[in-house]
Amino acid sequence: MARRIDVTGAGGVRLAAWEFAEPPKPEAEPAPPRGGPGAPAQQAEADAPGVLLLHGLMGRASHWAATARWLAGRHRAVALDQRGHGRSDKPARAAYTRDAYVEDAEAAVEQLGLGPALLIGHAMGALTAWQLAAKRPDLVRGLIICDMRASALGAASQREWADWFRSWPVPFASLADVRKWFGEDDPWVERPSPARGAFYAEVMHECEDGWRPVFEPEQMLSSRETWVYDAHWEELAQVRCPTLVVRGVDGELGRAEAQEMVRVLPRGRYAEIPDAGHLAHYDLPAAWQGAVSPFLESLPGDGALPGD
Numbered sequence: 233m234a235r236r237i238d239v240t241g242a243g244g245v246r247l248a249a250w251e252f253a254e255p256p257k258p259e260a261e262p263a264p265p266r267g268g269p270g271a272p273a274q275q276a277e278a279d280a281p282g283v284l285l286l287h288g289l290m291g292r293a294s295h296w297a298a299t300a301r302w303l304a305g306r307h308r309a310v311a312l313d314q315r316g317h318g319r320s321d322k323p324a325r326a327a328y329t330r331d332a333y334v335e336d337a338e339a340a341v342e343q344l345g346l347g348p349a350l351l352i353g354h355a356m357g358a359l360t361a362w363q364l365a366a367k368r369p370d371l372v373r374g375l376i377i378c379d380m381r382a383s384a385l386g387a388a389s390q391r392e393w394a395d396w397f398r399s400w401p402v403p404f405a406s407l408a409d410v411r412k413w414f415g416e417d418d419p420w421v422e423r424p425s426p427a428r429g430a431f432y433a434e435v436m437h438e439c440e441d442g443w444r445p446v447f448e449p450e451q452m453l454s455s456r457e458t459w460v461y462d463a464h465w466e467e468l469a470q471v472r473c474p475t476l477v478v479r480g481v482d483g484e485l486g487r488a489e490a491q492e493m494v495r496v497l498p499r500g501r502y503a504e505i506p507d508a509g510h511l512a513h514y515d516l517p518a519a520w521q522g523a524v525s526p527f528l529e530s531l532p533g534d535g536a537l538p539g540d
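Here it is in structure tokens:
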């Protein structure tokens, strides 16, 4: 289950945050609030450690559903549709800069009362997370980085992405066509990947002429410019909280760079997921949970998670 909570981001942009709760167990007695017998439900919610989950470029909060529901057993788990994504506002003239994304995440932690929060980010969301941790250490107690590089990608990467967006056969006639193209026919796919097809099906909406992405490709290109042309090692070195760097063996973050990121981080740790690619948290949720569980258990106040 997930309930929507609106957050006001940088420049007044309206952001959709989604708070996940563990599904009710059939024929189970309700658990007592964490605040003790007779404590109000809101006190139990306040006592639960806060987690903010940040998706990657083109993603949406729902991509974190499996992780959020798993965490909801012992945490207050909230996933954010970042500006230009999901059901958050996509104003044409809004800033799609690093500062704007970081200020949005900062607003979410503060307005939802999650701090000091555990931040979990995938790709672009991971960069946002470590920049917030560097900027506001008082708001962040732990950090998990999933498959995001600290090095600049180079101008050629931006040109490749622009060409890739132009290659999409939009509008798609059906969601089945979306799944097939992104899971099999996309030239960037090395081998069939049903999970990749499902991932992109979640970011489409039905229009009069067929299925189109919920985001504007031009805004996505603007959003990624900062890690195309800029490196982010300096901010990484400023992160003081415990941090886990996770990579899929077949993902975009290489082992050497991941291990250098761990070395640069003052309190860095490393984990990798075999047989996983860039979408490790979405494609292989059980393996992802197994990789991050030891780190979560090491954070004060978190304890064991369901299934551990």
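Residue numbers for the sequence shown, in our numbering: 233 to 540.
Glycine residues also receive a C-beta, built at the ideal position from the N, C-alpha and C atoms.
The structure presented is a predicted model; accordingly, all values stated were derived computationally and were not measured.
Taking Phe-431 and Tyr-514 to be in contact with their CB atoms under 8 angstroms, please state how far apart those CB atoms are, rounded to whole angstroms. Stepping through the sequence shown from its first residue, residue 431 is reached at position 199. Stepping through the sequence shown from its first residue, residue 514 is reached at position 282. Indeed, because the Cβ distance is near 6 angstroms, the residues count as touching under 8 angstroms.
Gly-506 burial status per 10 Å Cβ neighbour count (16 or more: buried): The sequence position of residue 506 within the sequence shown is 274, counting from 1. Checking the sequence, you will find Pro at residue 506 rather than Gly. Looking at its Cβ environment, which holds fewer than 16 other Cβ atoms inside 10 Å, Pro-506 is exposed.
Own chain, CB closer than 6 angstroms to Ile-352, minus 5 neighbours either side, in chain order: By one-based count along the sequence shown, residue 352 stands at place 120. For Ile-352, where only same-chain residues beyond five positions count, the Cβ hits under 6 angstroms are Leu-285, Ile-376.
Going by the DSSP bridge assignment, what does Gly-179 pair with across the sheet? Absent from the model: residue 179. The displayed extent of the chain is 233 to 540, so no value can be given.
How many angstroms separate the CA atom of Ile-237 from the CA atom of Asp-313? One-based indexing of the sequence shown puts residue 237 at position 5. One-based indexing of the sequence shown puts residue 313 at position 81. Each residue's alpha carbon lies about 11 angstroms from the other.
Counting along the chain, where does the alpha helix (DSSP H) carrying Ala-523 start and finish? Within the sequence shown, numbered from 1, the residue matching residue 523 stands at position 291. Unbroken alpha helix (DSSP H) run through Ala-523: 517-530.
Using a Cβ distance threshold of 8 angstroms, determine whether the stretch 348-363 contacts the stretch 371-391, with at least three qualifying pairs required. The stretch 348-363, when compared against the stretch 371-391, does touch it at the 8 angstroms Cβ threshold.
Take every Cβ of the stretch 386-402, pair it with every Cβ of the stretch 484-497, and state whether three or more of those distances are shorter than 8 angstroms. Between the stretch 386-402 and the stretch 484-497, the count of C-beta pairs closer than 8 angstroms stays below three; the two stretches do not touch.
Here's a check: name, in chain order, each residue in its chain whose Cβ is nearer than 7 angstroms to the Cβ of Ala-300, leaving out the five neighbours to either side. Counting from 1 along the sequence shown, the entry for residue 300 is found at position 68. Cβ neighbours of Ala-300 beyond the five flanking positions: Phe-252, Leu-285, Ala-309, Ala-311.
To the nearest whole angstrom, what separates the beta carbons of Phe-397 and Gly-316, a pair I think is in contact under 8 angstroms? Start at 1 with the first residue of the sequence shown, and residue 397 comes out as number 165. Start at 1 with the first residue of the sequence shown, and residue 316 comes out as number 84. Contact doesn't hold; Cβ gap of about 14 angstroms is too wide.
Can you tell me the Cβ-Cβ gap for Ala-248 and Gly-318, rounded? I've got them flagged as a contact below 8 angstroms. For the purposes of this step, residue 248 is taken as the residue at position 16 of the sequence shown. For the purposes of this step, residue 318 is taken as the residue at position 86 of the sequence shown. About 6 angstroms separates the two Cβ atoms, so the contact holds.
Can you look up Asp-534 in the DSSP assignment and give me helix, strand or coil? Reading the sequence shown from its first residue, position 302 is the one you call residue 534. Three-state DSSP puts Asp-534 in coil, outside helix and strand.
So what's Pro-474 in DSSP terms, helix, strand or just coil? Translated into the one-based positions of the sequence shown, residue 474 becomes position 242. Here Pro-474 sits in coil by DSSP.
Which residues mark the beginning and the end of the beta strand (DSSP E) in which Val-334 is found? The sequence position of residue 334 within the sequence shown is 102, counting from 1. Taken as a continuous stretch (DSSP letters only), Val-334 belongs to no beta strand (DSSP E), being part of the alpha helix (DSSP H) at 330-343.
Looking at Arg-246 and Ser-320, is the spacing between their C-beta atoms short of 8 angstroms? On the sequence shown, position 88 is the one that residue 320 refers to. On the sequence shown, position 14 is the one that residue 246 refers to. Yes, the pair counts as a contact, with Cβ atoms nearer than the cut-off.
Given a threshold of 16 other Cβ atoms within 10 Å of its Cβ, counted over all protein chains shown, does Gly-386 qualify as buried or as exposed? As a position in the sequence shown, residue 386 is number 154, starting the count at 1. It is exposed - the Cβ of Gly-386 has fewer than 16 other Cβ atoms within 10 Å.
Using the Cβ count rule (16 or more neighbours within 10 Å means buried), how would you classify Glu-466? As a first step, residue 466 is located in the sequence shown; it is residue number 234 there, counting from the start. So Glu-466 counts as exposed.
Flag this pair as yes or no: are the beta carbons of Pro-281 and His-307 separated by less than 8 angstroms? As a first step, residue 281 must be located in the sequence shown, where it is residue number 49. As a first step, residue 307 must be located in the sequence shown, where it is residue number 75. Contact flag set, yes.
Look at the Cβ atom of Arg-456, then the Cβ atom of Gly-429, and state whether they are nearer than 8 angstroms. Residue numbering aside, residue 456 sits at position 224 when the sequence shown is read from its first letter. Residue numbering aside, residue 429 sits at position 197 when the sequence shown is read from its first letter. No, they are not a contact pair.
Using 8 angstroms as the limit for Cβ to Cβ distance, is Glu-338 near chain B? No chain B appears in the structure shown, which is made up of a single protein chain.
To the nearest angstrom, how far is the alpha carbon of Ser-399 from that of Arg-423? Here the question's residue 399 lines up with position 167 in the sequence shown. Here the question's residue 423 lines up with position 191 in the sequence shown. Going by the C-alpha atoms only, they are around 18 angstroms apart.
Taking the runs of the beta strand (DSSP E) that are 3 residues or longer, which of them lie wholly in the stretch 441-503? Listed in chain order, the complete beta strand (DSSP E) runs (minimum 3 residues) inside the stretch 441-503 are 442-445, 475-480.
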